[in-house]
Structures are given as C-alpha cells and as structure tokens.
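Asks: Sending over a structure as structure tokens; questions will come in a sec.
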Amino acid sequence: MPNPQRPYRFIISGGGTGGHIYPAIAIANQIKVVHPDAEILFVGAIGRMEMTRVPEAGYKIVGLWISGLQRRLTLDNLSFPWKVITSIRMSNKIIRDFKPDAVVGVGGYASGPLLYAATRQGIPALIQEQNSYAGITNKLLAKRAQKICVAYNNMDAFFPAEKLVLTGNPVRKDIMELEGKRREALLHFGLTSEKKTILVIGGSLGARTINESIAAGLQQIAEAGYQLIWQTGRAFYPQAQELEKPFADAGIRAFDFIRQMDLAYAAADVVVSRAGALSISELCLAGKPSILVPSPNVAEDHQTKNAMSLVQEQAALLVRDAEAQQKLIPAALELAGNEVEQHRLAQNILKLARPNAAVDIVNELLKLIK
Numbered sequence: 001m002p003n004p005q006r007p008y009r010f011i012i013s014g015g016g017t018g019g020h021i022y023p024a025i026a027i028a029n030q031i032k033v034v035h036p037d038a039e040i041l042f043v044g045a046i047g048r049m050e051m052t053r054v055p056e057a058g059y060k061i062v063g064l065w066i067s068g069l070q071r072r073l074t075l076d077n078l079s080f081p082w083k084v085i086t087s088i089r090m091s092n093k094i095i096r097d098f099k100p101d102a103v104v105g106v107g108g109y110a111s112g113p114l115l116y117a118a119t120r121q122g123i124p125a126l127i128q129e130q131n132s133y134a135g136i137t138n139k140l141l142a143k144r145a146q147k148i149c150v151a152y153n154n155m156d157a158f159f160p161a162e163k164l165v166l167t168g169n170p171v172r173k174d175i176m177e178l179e180g181k182r183r184e185a186l187l188h189f190g191l192t193s194e195k196k197t198i199l200v201i202g203g204s205l206g207a208r209t210i211n212e213s214i215a216a217g218l219q220q221i222a223e224a225g226y227q228l229i230w231q232t233g234r235a236f237y238p239q240a241q242e243l244e245k246p247f248a249d250a251g252i253r254a255f256d257f258i259r260q261m262d263l264a265y266a267a268a269d270v271v272v273s274r275a276g277a278l279s280i281s282e283l284c285l286a287g288k289p290s291i292l293v294p295s296p297n298v299a300e301d302h303q304t305k306n307a308m309s310l311v312q313e314q315a316a317l318l319v320r321d322a323e324a325q326q327k328l329i330p331a332a333l334e335l336a337g338n339e340v341e342q343h344r345l346a347q348n349i350l351k352l353a354r355p356n357a358a359v360d361i362v363n364e365l366l367k368l369i370k
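Per the UniProt record's numbering, the sequence shown starts with residue 1, numbered consecutively.
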C-alpha cells in the first residue's frame, strides 16, 4: 500500500522510438495534472532516443544497459543474456531506492527488466500497448501486469481479456489544441497562406522509402504550387538539405526532426505519414486528411494493420511501401488539389479520435494503488 504521508511515486519505463516515448510523456503529464506533487522517474535504455527526449520534457531518466536481439549473429546477441541480468539487477536497485507505488511499461527494451523486477517485488504494474499487434516485451510481461491499456479492438489475441481496457493512445496535449494556430504555424515554417501545404513525416527516426519518393518529386511539388514541410530523420537530412536549396523560394522546407509537431499539423492541409500507432493517434486528433505508407520493417506487418483500421473507415488513403516511388507523389498531389476528398477524410478520421486516452490510462493506474 502507498504511504499516505508522502506523494505518490511512479516509474515509467520503455522507449526506443517516438511511438513509445511520447505516450509515456503524455501519461506522466496527466499524472501531474491529477497529482501535481507526484514523483515520476523514467527508466530507458542507454544510447536510445528517450535519454534525450525525456529530460527535454522535464523528467528525470535513468538508463539501463539493454538492447534487443538481432536477427543475425552479432556481438550484441552474444552479450544479450548478460545485459538482461545486469538490467534486472539495476532495476531491482532502482525500485528499492525510489520505492514506486506503481510502474508503467510502454514497450521497448527497458520496460522488460524494469517491470519484471517490479512485479517480483509486488509492485502493481500497468502496460500500455500502442499497436494493433503487440510487441514481444509487452506479450512477455502480460501475465505479470495487473492492467493492460490498448488502442485497438481484438487485443485478446495477445493478452488476457480480463486485464484489457480500450483507452486509445495518449498524445501530447498541444496536438489536441490546433485551433487558431495556423497563422503562427505558417510563420514558424516561413510559409505563405496562399498555398496548400503538404506535411511529410516518416516517424521519429525517418523513413527511407518516403524520403526517396519525396526527393524525386520535389520539382513536381513546386511546379504544382504546393509547399512542403518534410521531416526526414537524421540519416537522410544532409541529403535533403542539399535537395531543398533550389526550392527555398517555393516553400520546400526539410527538417531532421520537428519538435513543435502541433505547428506542423496546424500548417498542414494534407499529411503523408508512416502508420505507427502514435502517428495514427495524432492524425485522428488533428483531423488531417492523410496518406499512410506503412513500414514493411516491423513485426507482423503491424503498421499495415494500423493503417487498414483507418482505410476501412474511409478515414485515410493507403500507398504501400513497395509502390511509393511510383504512386506517392501523384497521390499526394491529387489529394492536395481535391478539397472535397480532404473534407471527407478529415470528417471520418476525427470520428476515430480518442482525446481522453491519457486521462483514462492514469485513472486505471490510480485504481491499482487505492
């Protein structure tokens, strides 16, 4: 039982990509809304994205020496058992020192050792699964957790049905507050209100196929009279910087990473995106007409499953990764020029939004400790 003499304490663990990190931060922010004095500690994986993104959001994070198994024989694989043992030992120490009332796992490498150690010590655990196909870490932890919050129906294929709560994915609060931001957004990106704007986001780490397709179509985008906000990811960014130079006056803007995603959505008339669970949740809340290009490099092709949940509701368009270089630019230009189709997609995608996801998840978390 929590000690009533002190503020609640929570550990939130996991990460690796924005799709894990930003829901975790949204959960932490909502805990602070309900209990402003609550103490929150994040646990991530050393060298991964969360080690910088979480402190930027104002929270303390501790890193574990943990990584995933590779599909081929590597030194990392040989050291994997030792990494797991070391991370569990460190997790035990973190838990003894911090004394959390409950722990949250959002998927990703670090959530495995932390939730395993916490549940062995009798601490209540909640899992938040973002995708329509459950990650291996969350599947392994499901028996140990008291509650599993999910964003899609039919997740009893992976988890015990009695533990499931359909909450949706929590997103950053600013993305739910786009009203009245368009002028500020266009100024921020150096764009004009006289042209339609296409936003391209390949996920927090970038997307090679999308980047190559956009790179080949910059001339067509400029000639059609459209502006472009293009998040490339770090690897492709140096190339994109060179490619955008001839089109600076046409409103072509490349970025390795966009921190103010609320302004990017507010500026956009049409969005091209991967179909990660967080991206889809954000698009639903932003109400943006979208073309989804699912990544083929994910477990069980779950991004296609994510995308189809929208396509079947006539809430988004789909371009397959293998066809992107032929079809993505024509599809984006056609949608940018069709306001009737934009309106139809926007109306349908808004129906799928779950704006109260963070509130519902934190309510479930608090039930575990009362």
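Built from N, CA and C at the ideal position, the CB exists for glycine as well.
Does the distance from the C-beta atom of residue 42 to that of residue 59 stay below 8 Å?
Replies: yes
Asks: Less than 8 Å separating the beta-carbons of residue 359 and residue 30?
Replies: yes
Asks: So, for residue 61: in the same chain, excluding its five sequence neighbours on each side, which residues have a beta-carbon less than 8 Å away from its beta-carbon?
Replies: Excluding residues within five positions, the ones whose Cβ falls inside 8 Å are 41, 42, 43, 44, 50, 51, 54 and 55.
Asks: Do three or more CB pairs link the region 191–204 to the region 268–278 at distances below 8 Å?
Replies: yes
Asks: At 4 residues or longer, what runs of the alpha helix (DSSP H) sit wholly inside the region 276–334?
Replies: 277–286 and 302–311
Asks: Mapping the DSSP letters down to three states, classify residue 231 as helix, strand or coil.
Replies: strand
Asks: Taking only the alpha-carbon atoms, compute the straight-line gap between residue 192 and residue 289 and give it to the nearest angstrom.
Replies: 20 Å
Asks: Give the range of the beta strand (DSSP E) segment to which residue 181 is assigned.
Replies: Run containing residue 181: none; DSSP gives neither H nor E here.
Asks: Please classify residue 85 as buried or exposed, where buried requires at least 16 neighbouring CB atoms within 10 angstroms.
Replies: exposed
Asks: Within its chain, find whatever has a CB closer than 6 Å to the CB of residue 350; leave out the 5 residues flanking it on each side and keep chain order.
Replies: 287
Asks: Under three-state DSSP, which class holds residue 88?
Replies: helix
Asks: Which of helix, strand or coil does DSSP assign to residue 13?
Replies: Note: residue 13 maps to strand in three-state DSSP.
Asks: Return the Cβ separation of residue 125 and residue 103 in integer angstroms, given the expectation that the two are a contact with Cβ distance under 8 Å.
Replies: 5 Å
Asks: What would DSSP say about residue 34, mapped onto helix, strand or coil?
Replies: helix
Asks: Can you tell me whether DSSP reads residue 209 as helix, strand or coil?
Replies: helix
Asks: Closer than 7 Å to a non-hydrogen atom of the ligand FMN - does that hold for the CB of residue 31?
Replies: As for the ligand FMN, it is missing from this structure, which has no ligand bound.
Asks: So what's residue 150 in DSSP terms, helix, strand or just coil?
Replies: strand
Asks: Taking the CB atoms as reference points, tell me whether residue 293 and residue 256 lie closer together than 8 Å.
Replies: Result no, Cβ atoms of residue 293 and residue 256 do not sit closer than 8 Å.
Asks: How should residue 179 be labelled, buried or exposed, when 16 other C-beta atoms within 10 angstroms of its C-beta is the threshold for buried?
Replies: exposed
Asks: Check the DSSP bridge columns for residue 42 and list the partner residues they point to.
Replies: 12 and 61
Asks: In three-state terms, what does DSSP make of residue 272?
Replies: strand
Asks: Please work out which residues of its chain come closer than 7 Å, Cβ to Cβ, to residue 14, disregarding the five sequence neighbours upstream and downstream, and give them in chain order.
Replies: 20, 24, 105, 106, 107, 108, 110 and 111
Asks: Mind reading off the beta-carbon distance from residue 222 to residue 250? Whole number of angstroms is fine, and I expect it under 8 Å.
Replies: 4 Å
Asks: Just to confirm, are residue 315 and residue 352 a CB contact at a threshold of 8 Å?
Replies: Yes, Cβ-Cβ distance for residue 315 and residue 352 is below 8 Å.
Asks: With distances taken from CA atoms, which of 368, 39 and 254 is nearest residue 190?
Replies: 254
Asks: What did DSSP end up calling residue 107 once you bin it into helix, strand or coil?
Replies: coil
Asks: Whose CA, out of 144, 142 and 165, lies closest to the CA of residue 153?
Replies: 165
Asks: Under a Cβ-count criterion, where at least 16 other Cβ atoms within 10 Å of its own Cβ denotes burial, should residue 69 be classed as buried or exposed?
Replies: Here the model assigns residue 69 a pLDDT of 49, short of 50, so the residue's position is not dependable, and the following value carries that caveat. Exposed, because fewer than 16 other Cβ atoms sit within 10 Å of the Cβ of residue 69.
Asks: Taking the beta carbon of residue 235 as the centre, do at least 16 other beta carbons fall within 10 Å, making it buried, or is it exposed?
Replies: exposed
Asks: Measuring alpha carbon to alpha carbon, tell me which residue in 39, 26, 16 and 101 is nearest residue 66.
Replies: Closest by alpha carbon: 16.
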